[in-house]
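Protein chains: 2
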Amino acid sequence: MLNTKLEFAKKVVRQAGGFIRQHLSDDLEISEKTHFDDLVTNLDREVQEQILTQILSTFPKDHVLAEENDVRHDIKDGNVWVLDPIDGTTNFIVQRDNFAVMLAYYESGIGKIGVILDVMSDNLYWGDGTSAYKNEAQIHLTVKPLRQSLIGVNTYMYRTNAGGLLDLSHESLGVRAIGSAGIEYVNILEGKIWGYFSNLSPWDYAAGAVLIAPFGYITQQIDGRPLAFEGRQMMMSVPSNQLDKIKAYIK
Amino acid sequence: MLNTKLEFAKKVVRQAGGFIRQHLSDDLEISEKTHFDDLVTNLDREVQEQILTQILSTFPKDHVLAEENDVRHDIKDGNVWVLDPIDGTTNFIVQRDNFAVMLAYYESGIGKIGVILDVMSDNLYWGDGTSAYKNEAQIHLTVKPLRQSLIGVNTYMYRTNAGGLLDLSHESLGVRAIGSAGIEYVNILEGKIWGYFSNLSPWDYAAGAVLIAPFGYITQQIDGRPLAFEGRQMMMSVPSNQLDKIKAYIK
């Protein structure tokens, strides 16, 4: 059954990516959510509806937790799909690049499936928590020490030293800011960044956490508590065997 | 003569990109310059030597200003080639992506040729200050207002509000940090960022300044003075017709 769901997840995410690329030259309907820099488009909502409809018609007993339209289900209650139809909406609007479709599947709060599509490169990253693949190739990842690495950051947390992130950054080769959690997780899987620190909602980290777990990564609140899978939380995805070292900076 | 030099510049930069990609899996010799996060590799130096040798053998009366090995010539004195063999060396080392080869040509301090190769995508951006091309296609660029745009920043300047950059960033949709001036200029040419603010050496901005000039961009010190083409300076590349608007923030 899990394999059926994994193939389903890969299929609907790839379809969504194709749909978005087909509509790349359309005039977008852009709306502000909370502030002029917090945007949503008609495509975010259409892609969510398409995937949500397919989930509920294929697996009618399952539930959905998704970014748009207040689709919220408790992650611990049964089989829950976690969906971000377009992650990095500002990049999508401004750059038509550096955005992702993300879909995860959890059973009673345990991550079972993670899928991220880098839409413009059309590379699909997928896994079940024990291994991960880029398209058809299994991913192998050797994590380097922080001092030989770059880290992905939320720029507000970086500049205000939230959780000690600025202090930690001085122990690295530098910080990078891309504007899409999905692409940051892709960059972890590609070995381009060592870890990722941000202030995120469940649909931003649900798929990524499953995808990077096989390589010894832990995804948790920056203070070490588990993620709540509701609301926004300051979080990090880091190599668990380097947690002790970064505790001098990250609190 | 200028056309001969433009074709020469495109050729040697493309050759350098091919050379770097061929050696992508080599073990690099990595040395620290000023600090553990200021790195240079044997490939930076080999590529510089290759291009420098070709410049001086083809145009023996010309001069060179280049990043490595203290190759310094006054930009205002005669015909000067400005070379950054690998821009974004840290990205090159850590990511094997997001780095560039950059070559510019100035006559008595006036930019005549700019060439940037995004090495991993193998896209060549080139121009003569009056128009610009991506490979064989002429670039057309419509600059949006800042409030509908992203900006590329040096993270130190951003977090310390150097020159008012943090204040300005609040008027944009957000900041991005890539770690390569060359890729930032590519992102301006691609319409992905509205402007770029950093603390740079001449080889970091010489080619980019020529490439973006046809679209109304000015490249100057953040306080409005002309760039000196020596040492590092806090600079910006911004649409000149929006200079008045940003003067409320950038000083």
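Just so you know, the sequences run in chain order D and G. As numbered in this note's numbering, residues 58 to 308 make up the first sequence, in order. As numbered in this note's numbering, residues 58 to 308 make up the second sequence, in order. Cβ coordinates follow ideal geometry from the N, Cα and C atoms, glycine included. Source: prediction; values computed, not measured.
Which value, in whole angstroms, describes the spacing of the CA atoms of residue i and residue j?
i	j	result
Ile143 of chain D	Asp95 of chain D	13 Å
Phe65 of chain G	Lys302 of chain G	40 Å
Gly184 of chain G	Phe93 of chain D	36 Å
Val128 of chain D	Glu247 of chain D	31 Å
Ala123 of chain G	Leu222 of chain D	35 Å
Val104 of chain D	Ile307 of chain G	40 Å
Gln107 of chain G	Ala73 of chain G	8 Å
Val210 of chain G	Pro283 of chain G	19 Å
Leu198 of chain D	Leu300 of chain G	46 Å
His80 of chain G	Leu268 of chain G	28 Å
Leu160 of chain D	Met58 of chain D	17 Å
Ile245 of chain D	Asn180 of chain D	14 Å
Thr147 of chain G	Ala264 of chain G	20 Å
Arg216 of chain G	Glu164 of chain G	37 Å
Tyr182 of chain D	Leu225 of chain D	28 Å
Gly273 of chain G	Ala285 of chain D	48 Å
Ser82 of chain G	Asn192 of chain D	22 Å
Thr276 of chain D	Ile132 of chain D	15 Å
Gly145 of chain D	Ala189 of chain D	22 Å
Ile279 of chain D	Met291 of chain D	6 Å
Val295 of chain G	Tyr253 of chain G	7 Å
Met293 of chain G	Asn218 of chain G	14 Å
Asn155 of chain G	Asp261 of chain G	14 Å
Lys169 of chain D	Leu63 of chain D	9 Å
Ala305 of chain D	Glu228 of chain D	11 Å
Tyr213 of chain D	Met214 of chain G	14 Å
Thr61 of chain G	Gly220 of chain D	55 Å
Ile23 of chain G	Gly281 of chain D	Here chain G comprises residues numbered 58 to 308, so residue 23 of chain G is not present and cannot be evaluated.
Gly75 of chain D	His130 of chain G	51 Å
Sorted by chain position, which residues of the same chain lie with C-beta nearer than 8 Å to residue i's C-beta, five sequence neighbours on each side aside?
i	result
Ile150 of chain G	Leu85, Ile87, Leu96 and Thr98
Leu230 of chain D	Arg204, Gln205, Ser206 and Leu207
Ile250 of chain G	Ser206, Leu207, Ile208, Gly209, Arg233, Glu241 and Asn244
Leu113 of chain G	Asp119 and Val121
Gly135 of chain G	Lys118, Asp119, His120, Glu164 and Ser165
Gly288 of chain D	Ser258
Arg102 of chain G	Glu125, Asn126 and Pro142
Ala194 of chain D	none
Arg153 of chain G	Leu81 and Met177
So, under 8 Å CB-CB, residue i and residue j are touching, yes? Tell me the CB distance rounded to an integer number of Å.
i	j	result
Val176 of chain D	Val158 of chain D	6 Å
Ile173 of chain G	Gly236 of chain G	Not quite, the Cβ-Cβ distance comes to about 15 Å (not below 8 Å), so this is no contact.
Output needed for residue i: all residues of its chain with C-beta closer than 6 Å, excluding positions within five of it in sequence on either side, in chain order.
i	result
Lys90 of chain D	Val97
Lys118 of chain D	none
Thr187 of chain D	Pro271
Gln111 of chain D	Val69
Gln255 of chain G	In the sequence under discussion, the amino acid at residue 255 of chain G is Ser, which differs from the Gln named in the question. The residues are Asn211.
Gly171 of chain D	Ala161, Gly184, Ala264, Val267 and Leu268
Leu109 of chain G	Val121
Counting only the same chain and skipping the five closest in sequence on each side, list residues whose C-beta sits under 7 Å from that of residue i.
i	result
Lys201 of chain G	Trp251
Leu100 of chain D	Ile77, His80, Leu85 and Ile143
Asn298 of chain D	Gly273
Arg71 of chain G	Leu174 and Leu181
Ile196 of chain D	Ala189, Tyr190 and Leu246
Thr115 of chain G	Phe65
Lys67 of chain G	Val172, Leu181 and Trp183
Query raised in the report: Using Cβ-Cβ distances below 9 Å, what residues of the stretch 232 to 245 of chain D are close to chain G?
Result: Val232, Arg233, Ala234, Ile235, Gly236 and Asn244
Query - Under 9 Å (Cβ pairs) to chain D, residues found in the stretch 203 to 214 of chain G - result: Arg204, Gln205, Ser206, Leu207, Val210 and Thr212
Query raised in the report: What are the residues of the stretch 145 to 156 of chain G that lie near chain D, defined by any Cβ-Cβ distance shorter than 9 Å?
Result: From the stretch 145 to 156 of chain G, only Thr147, Asn148, Ile150, Val151, Gln152, Arg153, Asp154 and Asn155 have a Cβ closer than 9 Å to chain D.
Requested in this report: For the stretch 79 to 113 of chain G, enumerate the residues whose C-beta is nearer than 7 Å to any C-beta of chain D, in chain order.
Outcome: Phe93 and Asp94
Query raised in the report: Curious, which full-length alpha helix (DSSP H) runs of at least 4 residues does the stretch 233 to 264 of chain G contain?
Result: List check, alpha helix (DSSP H) in window: 238 to 246.
Requested in this report: Output, in sequence order along the chain, the residues in the stretch 245 to 275 of chain G whose CB is closer than 9 Å to any CB in chain D.
Outcome: Glu247, Gly248, Lys249, Ile250 and Trp251
Query raised in the report: Enumerated in chain order, which unbroken segments of the alpha helix (DSSP H) with a length of 4 residues or greater are wholly contained in the stretch 176 to 233 of chain D?
Result: 212 to 216 and 222 to 226
**Report entry** 3-residue-minimum beta strand (DSSP E) runs that sit fully inside the stretch 124 to 181 of chain G, ordered along the chain
**Finding:** 136 to 144, 157 to 164 and 167 to 175
**Report entry** Contact residues within the stretch 181 to 201 of chain D, judged by C-beta distance below 7 Å to chain G
**Finding:** none
Query raised in the report: Given a limit of 8 Å on CB to CB distance, which residues of the stretch 119 to 138 of chain G reach chain D?
Result: none
Report task. Quick one: which unbroken beta strand (DSSP E) runs of 3-plus residues sit fully inside the stretch 66 to 119 of chain G? Chain order, please. Result -> 87 to 89 and 96 to 98
Report task. Return the residues of the stretch 286 to 297 of chain D that lie within a Cβ-Cβ distance of less than 9 Å from chain G, sorted by chain order. Result -> So nothing in the stretch comes that close.
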